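Under this note's numbering, think of the first position of the sequence shown as 671, with each following residue one higher. Virtual Cβ for every residue (Gly too), placed ideally from N, Cα, C. Keep in mind the model is a prediction, meaning the values are calculated, not measured.
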Amino acid sequence: MPLPSPEKIQLAQKYLLFVKICRECGARNSIKAEKCRKCKRKNLRLKRREIIKK
Ligand SMILES: [Zn+2]
671 MPLPSPEKIQ LAQKYLLFVK ICRECGARNS IKAEKCRKCK RKNLRLKRRE IIKK
């Protein structure tokens, strides 16, 4: 299995780390989401973790 390029890993980390969590039901939504895809409320918080560097 070939190793993914560092660029792809970085991109994947971005998508994994930058998500919005619903305060009402805890569902994960995309970073672009305006409202929760589960309960349709706009009570979203941004989940932002630091990207781990070597
Ligand atoms: Zn929700």
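- Here the C-alpha atom of glycine 696 lies approximately 24 Å from the C-alpha atom of leucine 681.
- By the neighbour-count criterion, in which a residue is buried when 16 or more other Cβ atoms sit within 10 angstroms of its Cβ, lysine 690 is buried.
- With a cutoff of 7 Å, glutamate 694 counts as near ligand 1, since its C-beta is closer than that to a heavy atom of the ligand.
- Annotated three-state conformation of leucine 686 is helix, per DSSP.
- Listed in chain order, the non-local C-beta contacts of isoleucine 701 below 7 Å within the same chain comprise Phe688, Val689, Lys690, local neighbours out to five positions each way being set aside.
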